[in-house]
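Protein chains in written order, with this note's numbering: chain P, 81 to 428; chain S, 5 to 408; chain Z, 2 to 87. Everything on this sheet refers to the single structure shown next.
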Amino acid sequence: MKVKCYIQGMAAISPQHTFDGDITTAPFVQTESNRLVCIEPDYKPFIPGNSLRRMTRVLRMGLTTALKCLANSGVATPGPIVTGTGKGSLQDTEKFIKEIEQYKETALNPTPFIQSTYNSVNGLIALQQNGTDYNNTFVHRGFSFENALVDSMMLLQEGASHTLTGSFEEMTEEHFYIKSRIGQWRTAPVGNTRLFEQHLPGTISGEGSAFFVLTAAQTPASKAAISGIKLLYKPSEERLSAVLQELGADADLVISGDNGDSNYARYYELLGEVLPKPAIPFKHLCGEYDTAGSFALWLAAALLDTGKIPGEWFPMVKELPGEFRKVVIYNHFFGEQHTVMVVEKVNG
Amino acid sequence: MAERVFITGMGMVTAIGDNVAGNLERLRRKESGLGFTDYINTIYKEVLPVGEVKQDNAALFRMAGIPVQAGFSRTTLLGLVAMQEALQQAGISHLQDEPTGFINASTVGGMCDTEKVYFDLINPDKSGEFIQSIHTLDCADCTQRIADTVGFTEHLATISTACSSSANALMFGARMIKAGMYQRMVCGGTEALTRFTLNGFNSLKNVDRQFCRPFDQQRTGLNLGEGAAYLVLESESYAKANNSTILAELTGYCNTNEAFHPTSPSPEGDGAYAAMKNALAMSGRTLEEVQYINVHGTATLNNDISEGRALERLFGTAVPPFSSTKPFTGHTLAAAGAIEAIYAVLAIRNNIIFPNLNFSERMEELQIVPETELKEDVIINNVISNSFGFGGNNASLVISKYEG
Amino acid sequence: MEELKQKLKEQIIEALNLQDTKPADIDDNAPLFGEGLGLDSIDSLELMVLLERQYGIKVEDPREGRKILQSVQSMAEFIQSKQQPA
Numbered sequence: 081m082k083v084k085c086y087i088q089g090m091a092a093i094s095p096q097h098t099f100d101g102d103i104t105t106a107p108f109v110q111t112e113s114n115r116l117v118c119i120e121p122d123y124k125p126f127i128p129g130n131s132l133r134r135m136t137r138v139l140r141m142g143l144t145t146a147l148k149c150l151a152n153s154g155v156a157t158p159g160p161i162v163t164g165t166g167k168g169s170l171q172d173t174e175k176f177i178k179e180i181e182q183y184k185e186t187a188l189n190p191t192p193f194i195q196s197t198y199n200s201v202n203g204l205i206a207l208q209q210n211g212t213d214y215n216n217t218f219v220h221r222g223f224s225f226e227n228a229l230v231d232s233m234m235l236l237q238e239g240a241s242h243t244l245t246g247s248f249e250e251m252t253e254e255h256f257y258i259k260s261r262i263g264q265w266r267t268a269p270v271g272n273t274r275l276f277e278q279h280l281p282g283t284i285s286g287e288g289s290a291f292f293v294l295t296a297a298q299t300p301a302s303k304a305a306i307s308g309i310k311l312l313y314k315p316s317e318e319r320l321s322a323v324l325q326e327l328g329a330d331a332d333l334v335i336s337g338d339n340g341d342s343n344y345a346r347y348y349e350l351l352g353e354v355l356p357k358p359a360i361p362f363k364h365l366c367g368e369y370d371t372a373g374s375f376a377l378w379l380a381a382a383l384l385d386t387g388k389i390p391g392e393w394f395p396m397v398k399e400l401p402g403e404f405r406k407v408v409i410y411n412h413f414f415g416e417q418h419t420v421m422v423v424e425k426v427n428g
Numbered sequence: 005m006a007e008r009v010f011i012t013g014m015g016m017v018t019a020i021g022d023n024v025a026g027n028l029e030r031l032r033r034k035e036s037g038l039g040f041t042d043y044i045n046t047i048y049k050e051v052l053p054v055g056e057v058k059q060d061n062a063a064l065f066r067m068a069g070i071p072v073q074a075g076f077s078r079t080t081l082l083g084l085v086a087m088q089e090a091l092q093q094a095g096i097s098h099l100q101d102e103p104t105g106f107i108n109a110s111t112v113g114g115m116c117d118t119e120k121v122y123f124d125l126i127n128p129d130k131s132g133e134f135i136q137s138i139h140t141l142d143c144a145d146c147t148q149r150i151a152d153t154v155g156f157t158e159h160l161a162t163i164s165t166a167c168s169s170s171a172n173a174l175m176f177g178a179r180m181i182k183a184g185m186y187q188r189m190v191c192g193g194t195e196a197l198t199r200f201t202l203n204g205f206n207s208l209k210n211v212d213r214q215f216c217r218p219f220d221q222q223r224t225g226l227n228l229g230e231g232a233a234y235l236v237l238e239s240e241s242y243a244k245a246n247n248s249t250i251l252a253e254l255t256g257y258c259n260t261n262e263a264f265h266p267t268s269p270s271p272e273g274d275g276a277y278a279a280m281k282n283a284l285a286m287s288g289r290t291l292e293e294v295q296y297i298n299v300h301g302t303a304t305l306n307n308d309i310s311e312g313r314a315l316e317r318l319f320g321t322a323v324p325p326f327s328s329t330k331p332f333t334g335h336t337l338a339a340a341g342a343i344e345a346i347y348a349v350l351a352i353r354n355n356i357i358f359p360n361l362n363f364s365e366r367m368e369e370l371q372i373v374p375e376t377e378l379k380e381d382v383i384i385n386n387v388i389s390n391s392f393g394f395g396g397n398n399a400s401l402v403i404s405k406y407e408g
Numbered sequence: 002m003e004e005l006k007q008k009l010k011e012q013i014i015e016a017l018n019l020q021d022t023k024p025a026d027i028d029d030n031a032p033l034f035g036e037g038l039g040l041d042s043i044d045s046l047e048l049m050v051l052l053e054r055q056y057g058i059k060v061e062d063p064r065e066g067r068k069i070l071q072s073v074q075s076m077a078e079f080i081q082s083k084q085q086p087a
């Protein structure tokens, strides 16, 4: 899709210090675990206690990120609310499955069932912000957030002045174990700083929430522009190369979804071959998850907005580019859903 | 000028039939598909009626034309059966001939299978073939297996907005056509009964122990159902160039949110009212030009009040004939929007209005009553199809007769 | 009865995760829903689950539930009426 839209404001909760403060001064959070966990803010300033008491973790994260994003963007109403999540509230799903068993299908609390519904975060945002507009939730692994973005860009094209577009994802201990059974994670602890030292089978898991207010028109507050997006399902190398070339040829910075996993490293090697440009990774910051692409978009916009790449966040990159105006993000989720996004500098 | 969007193929499987013709036959004969489950392991086996597809998984594999294999959940199989029919009816033998997107809808993915092996999945002492169903945990699994089996390689998406999911899938696909991204899309949803959802709705105390009674004063809740339905959507220019058989036109749609409560609609039906009103405005049709409304009509206490009020607010004293087909199929959640969109097309093409079964007493809150008999030889040019759900998600579609 | 009401208040606070509320804050006759404690229809379902899990009392009809769950007093009276041997 080649319609341009603008990021008016954004917010992210991630395993890094992304919620408050400035990317150029925030310290890089190092871990020694193969599971990167979000740094959660105090939710009380955002969510009334009476609502907060029932909400599980990913609902709090998603809702709070959305609310902070709206506040950062200075828009009065959310407008259309479009989100993506690969797994929704795992905690609630797990809890309800277990309670069905434990209580033998009787005397069940409905709350985990309600909250396990993938669109529950959207409902909560709408409820708290009185957002009666369009409301949609995509649940397709590595295409979840990107479909939300495509939907939002269509809405802007159809005449919406702005949209609230985002993602939310959590990893639980139980689900981490389940996915370890099919070899998604490294078997030995690798820590996020050494993730790219050696490509080996498996990666590190992550989680996070990122929201954006997108506008059709540029404003003085616009942080960056999204000028291209493409979703490719199990593409051939030829097709992938052609799309990378088409969207990324004139970019001056590449953000790569490389996650150190040798099983699917071929695609990221191809990225380097097709677009031999300065490149930075991001999965050492947020880990691998269905909607990690939203973190990459947040990162691209933050870097373009500040004009600087904080060296401390990228110790593995030998030479960081000084100036960059056009960023291409390439990511895939375990070799199936491939996405390319183009983000450009605005306002200066 | 954006392209018009035509429906050129349909496929479905529900408790009342394994294909579109079978569904129409049972609707005409006023035969409900509700009964007790053969396949769900639950203490409510003989307590809570459901709209279950009669075929077991082995039969579904045969109907889908693929060998029995691990990793194909019932959700996927139901979807595949409906998909094969939709493609066949649209005369599509090679999806590669024209880039075609696939927008699917699901509320719990392959939970029907996941829930049977979940405790083994989290138990390090257990291993075996069940490991292959790890991916059925998410909603994309069924979409991708269907895509891979029939050959979709273009845009894929899975939508999950509870009971309005597949109405939103149709809307998203239609908008992609209007945006000029694709000339052809296949959209719909698939849903298999699970112990998880049955207990979920039961914990909300809105499942009826009798066959559900939409818009009836004595109604006490819904019956769950399962099924799948897909519709092939084509742009006007493609459909004409391709000489496609045009079954109907998708002339209007709207998605709104109630912003009222996590599971209940507003008592005055604000979201439902806005969704119907805006969808109709988009279609360019007047209130008088709507001859039938296939209501969401779940028979929960709240839905029917809210939806009924919205109808009365929008149409005043001239509410068109309306009925809920949930007493035939049960509430098929993510598949409901697409199943009922097909029923809307069938109503238009066969000049019939389907009866709202199990109705006997008007609700005290409303002046209106649903159509209870099969009405034949009625000219139907425009149908509104409603799908409302959890999280305040409302979707209305307007489906119209194709008139060149 | 007093003992039952005190226990009920503790159980309500725990079941509904009313973090900033203490048993003494809940008046026996204050409405649990709307104004009072500010509970909603999902809480009412959870309170019915509480009755079932803690006291073995099943409330099937949500409309009946509304009457029982008006206040701690009404809940306690209902529990007592069910517990008294017939």
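For glycine and all other residues, C-beta sits at the position ideal for the given N, C-alpha and C.
- Local Cβ density within 10 Å of Ile47 of chain S, reported as buried at 16 or more and exposed below that: exposed
- Would you grab the beta carbon distance between Pro269 of chain S and Asn306 of chain S for me? Rounded to a whole angstrom, and I think it's under 8 angstroms. 6 angstroms
- Item | chain Z residues whose Cβ lies nearer than 7 angstroms to that of Ser268 of chain S | Ser42
- Ala87 of chain Z - DSSP class collapsed to helix/strand/coil: Its pLDDT being 49, under 50, Ala87 of chain Z is placed unreliably by the model, and nothing is read from it.
- Neighbour flag for Val73 of chain Z against chain S, beta carbons, 9 angstroms: no
- Item | First and last residue of the uninterrupted beta strand (DSSP E) at His412 of chain P | Lys406 to Phe413
- Consult DSSP for Tyr86 of chain P and reduce its assignment to one of helix, strand or coil. strand
- Message: My output table needs one value for Pro125 of chain P: the three-state DSSP class, helix, strand or coil.
- Response: coil
- Query: Which parts of the region 288-337 of chain P are runs of the alpha helix (DSSP H), unbroken and 4 residues or longer, counting only runs that do not cross its ends?
  - Reply: 317-328
- Answer yes or no: do Arg223 of chain S and Thr304 of chain S have a C-beta to C-beta separation smaller than 9 angstroms? yes
- Counted within 10 angstroms of its Cβ, other Cβ atoms place Gly391 of chain P as buried (16 or more) or exposed: exposed
- Task: Pick helix, strand or coil for Glu368 of chain P, following the three-state DSSP scheme.
- Result: strand
- Message: Looking at chain S, is there any beta carbon in it that lies within less than 9 angstroms of the beta carbon of Asp62 of chain Z?
- Response: yes
- Item | Per-residue DSSP class, three states only, for Lys209 of chain S | coil
- Query: If you follow the beta strand (DSSP E) that Ala276 of chain S is part of, which residue opens it and which one closes it?
  - Reply: No beta strand (DSSP E) contains Ala276 of chain S, which is instead part of the alpha helix (DSSP H) from Asp274 to Ser287.
- Message: Let me confirm a value: His98 of chain S is counted as buried when at least 16 other C-beta atoms fall within 10 Å, else exposed. Which label applies?
- Response: exposed
- Task: Please confirm if Leu46 of chain Z has its CB atom under 9 angstroms from at least one CB of chain S.
- Result: yes
- Extent of the continuous beta strand (DSSP E) to which Cys167 of chain S belongs: No beta strand (DSSP E) holds Cys167 of chain S; DSSP gives it neither H nor E.
- Grouping DSSP H, G and I as helix and E and B as strand, with all else coil, what is Arg66 of chain S? helix
- Task: Within the same chain, show all residues whose beta-carbon is closer than 7 angstroms to that of Ser196 of chain P, passing over the 5 residues directly before and after it, in chain order.
- Result: Gly168, Ser169, Asp172, Thr173 and Phe176
- Query: Taking Cβ positions, are Ile420 of chain P and Lys310 of chain P nearer each other than 9 angstroms?
  - Reply: For clarity, residue 420 of chain P is Val in the given sequence; the question names Ile instead. Cβ atoms of Val420 of chain P and Lys310 of chain P: closer than 9 angstroms.
- Query: Taking 9 angstroms as the CB-CB cut-off, is Thr419 of chain P touching chain Z?
  - Reply: no
- Message: By the three-class DSSP mapping on this structure, what secondary structure does Thr198 of chain S have?
- Response: coil
- With 8 angstroms as the limit, tell me which residues of the region 17-28 of chain Z have their beta carbon closer than that to any beta carbon of chain P; keep them in chain order. Leu17, Asn18, Leu19, Gln20 and Asp21
- Message: Using CA atoms only, rank isn't needed, just tell me which of P:Leu320, P:Thr136 and P:Gly142 is closest to Ala91 of chain P.
- Response: P:Gly142
- Beta-carbon gap between Glu158 of chain S and Val9 of chain S smaller than 9 angstroms: no
- Task: Taking Thr79 of chain S as part of the alpha helix (DSSP H), name the residues at either end of that continuous run.
- Result: Arg78 to Gln93
- Where Glu377 of chain S sits in the DSSP three-state scheme: coil
- Which residue from S:Gly69, S:Arg353, S:Asp145 and S:Gln187 puts its Cα closest to that of Thr104 of chain S? S:Gln187
- Item | Nearest-angstrom Cα separation, counted from Arg67 of chain Z out to Gln182 of chain P | 27 angstroms
- Task: Have a look at Glu349 of chain P and Glu318 of chain P and give me their C-alpha separation to the nearest angstrom.
- Result: 14 angstroms
- Query: Rounded to a whole number of angstroms, what is the C-alpha to C-alpha distance between Asp220 of chain S and Ala351 of chain S?
  - Reply: 23 angstroms
- Task: Can you tell me the Cβ-Cβ gap for Gly286 of chain P and Glu368 of chain P, rounded? I've got them flagged as a contact below 8 angstroms.
- Result: 6 angstroms
- Cβ shell of Met86 of chain S (< 6 angstroms), same chain only, five flanking positions each side left out: One detail in the question is off: residue 86 of chain S reads as Ala in this sequence, not Met. Taken in chain order, the residues that qualify are Gly15, Met16, Val17, Ala232, Ala233 and Tyr234.
- Message: Looking at the secondary structure, which residues open and close the alpha helix (DSSP H) in which Tyr347 of chain S lies?
- Response: Ala340 to Asn354
- Cα-Cα, which of P:Phe193, P:Val162 and P:Glu353 is closest to Met135 of chain P? P:Phe193
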